[in-house]
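For reference, the structure discussed in these notes is given below.
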Amino acid sequence: MSETPAKALRLQKILSQMGMASRREAEEWIENGEVTLNGQVAKLGDQALPGVDHVKVRGKLIQWQNSPRQVVVAVYKPRGLLADRPQDQIIDRDTVYDLIRTVKERVYPVGRLDSDTEGLMLLTNHGDLKARLTKGKYEIERRYMVKVDGHMIEKKLRRLNHGVPVEGKKVALKEIRFTKQLDGKEWLVAITTEPQNRMIRKVFEAVGHPVDKVRLEGIGPITIKGLKRGEFRYLSPSEIEELEVLVGLKKKSPAQAAREIAVAAATAKPRGPRPRKKMVSKFKR
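Residue numbering for the sequence shown follows my numbering, beginning at 3 and increasing consecutively.
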């Protein structure tokens, strides 16, 4: 039986399928002259034949893959590693890609963790999912463990909860709570929907408490639980679907909705007479 011949596809669709960007982002790259097709600056509407035509993005030749399956890889990035390959090839630094050499699919980082931050990194070839997970409008929670200099007073915690000005905009933490107090330092849990990683450092600096250490422990329902530093795992199809539902790429399946109802019923507290409420500060140590 003869093989089905490859079909020419629009460039933005190719780049999206390879996980490099969403289709809209790929269109912007093309409009900005960042994509070339067989040595010529590409334009919207151009098509390429996978495995035959030469397509470059910002001067880098893309490597063709034969209908790759869409995957998401969760990595526990140690402190000191770069989150992506450096643009300057002269720089010789270990990156998160050194941890996933056995991953056959060509995957790209979902956002960035600076080299001084450790914790959860997601990499994927699912372009639309990658794009939406890095946009603040989808309000995906990111849970950090943060070690700050000094001991924070309640007034400053309230400021962080209501929002502080950072780089011309107001940034607020969705939740913040103490976990451990040390000599001259303090560990806190901070939850934000702000996708920019270094923003978590900047909000604490804005209230006079520089960050000593940061660990990203979770993105939405995905956590580093079960992973040691330097380890990775593939997300299951149900976990990928859960992320797709969160960012509006899919609707909840009947099975997923049933699971959520069952979990809610199992964890629901029995009803009884309501006790009289006590006024307790949300930020009490």
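All residues carry an ideal CB built from backbone N, CA and C; glycine is no exception.
Keep in mind that this is a model prediction, so the values were computed, not measured.
Review point. According to DSSP, is I92 helix, strand or coil?
Key: In this prediction, I92 has a pLDDT of 48, which is less than 50 and means its spatial position is unreliable; nothing more can be read from the coordinates.
Check your understanding: Ends of the alpha helix (DSSP H) at R60?
Key -> Premise fails: R60 is in no alpha helix (DSSP H) and is neither H nor E.
Check your understanding: Where in the segment 95–120 do unbroken runs of the beta strand (DSSP E), each at least 3 residues long, occur, reported from the N-terminal end onward?
Key -> The segment 95–120 contains no complete beta strand (DSSP E) run of 3 or more residues.
Practice item. Go to A192, then tell me how far its beta strand (DSSP E) extends in each direction, as first and last residue. Key: Annotation for A192: the continuous beta strand (DSSP E) segment containing it runs K187 to T194.
Practice item. Determine the contact status of Y2 and L122, defining contact as a CB-CB distance below 8 Å. Key: Not covered by the structure: residue 2. The range shown for the chain is 3 to 287.
Point to revise | Length of the line joining the Cα atoms of G250 and D48 | key: 29 Å
Check your understanding: Roughly how far, in whole angstroms, is the beta-carbon of P197 from the beta-carbon of K137, given that I think they are within contact range, below 8 Å?
Key -> 7 Å
Point to revise | Close-in-space but distant-in-sequence residues of the same chain around Y140 (CB under 6 Å, 5 per side omitted) | key: R134 and V249
**Study point:** Where the beta strand (DSSP E) containing M147 begins and where it ends
**Key:** Residue range R144 to D151 is occupied by the beta strand (DSSP E) that includes M147.
Review point. Closest by CA to I221, which one among K171, R145 and P167?
Key: R145
Exercise for review: Please determine, among A208, I102 and D100, the residue with the shortest C-alpha to C-alpha distance to D151.
Suggested key: A208
Review point. Does the separation of the CB atoms of V73 and V148 fall below 8 Å?
Key: Their beta carbons are not under 8 Å apart, which means V73 does not touch V148 by this criterion.
Review point. Is V57 closer than 8 Å to V37 when the C-beta atoms are compared?
Key: yes
Check your understanding: To which residues of the same chain is R231 closer than 6 Å at the C-beta, ignoring the five residues directly before and after it?
Key -> Y78 and P80
Practice item. Find out if the Cβ-Cβ distance for the pair V205, L162 is shorter than 8 Å. Key: Yes.
Check your understanding: Pick from S24, G113 and R60: whose alpha carbon is nearest that of A76?
Key -> G113
Practice item. Could you spell out where the beta strand (DSSP E) holding D214 opens and where it closes? Key: V213 to I221
**Study point:** Among I178, R71, N40 and D116, the one whose alpha carbon lies nearest that of I155
**Key:** I178
Practice item. Identify every residue that forms a DSSP beta bridge with F234. Key: V77
Exercise for review: Could you spell out the range, first to last residue, of the beta strand (DSSP E) harbouring I178?
Suggested key: E177 to Q183
Check your understanding: Would L184 be called buried (16 or more neighbouring beta carbons within 10 Å of its own) or exposed?
Key -> exposed
Review point. Which same chain residues, not among the five before or five after Q14, have their C-beta less than 7 Å away from its C-beta?
Key: R25, A28, E29 and I32
Check your understanding: Is R12 helix, strand or coil by DSSP?
Key -> strand
Review point. If you compare alpha carbons, which of I102, R108 and A174 is closest to L83?
Key: I102
Check your understanding: What do you reckon, are the CB atoms on I193 and K176 nearer than 8 Å?
Key -> Yes.
Review point. Is it right to say S240 is buried, meaning 16 or more other beta carbons lie within 10 angstroms of its own, or is it exposed?
Key: Exposed, since its Cβ has fewer than 16 Cβ neighbours within 10 Å.
Review point. Since P52 is in the beta strand (DSSP E), which residue starts that stretch and which ends it?
Key: Premise fails: P52 is in no beta strand (DSSP E) and is neither H nor E.
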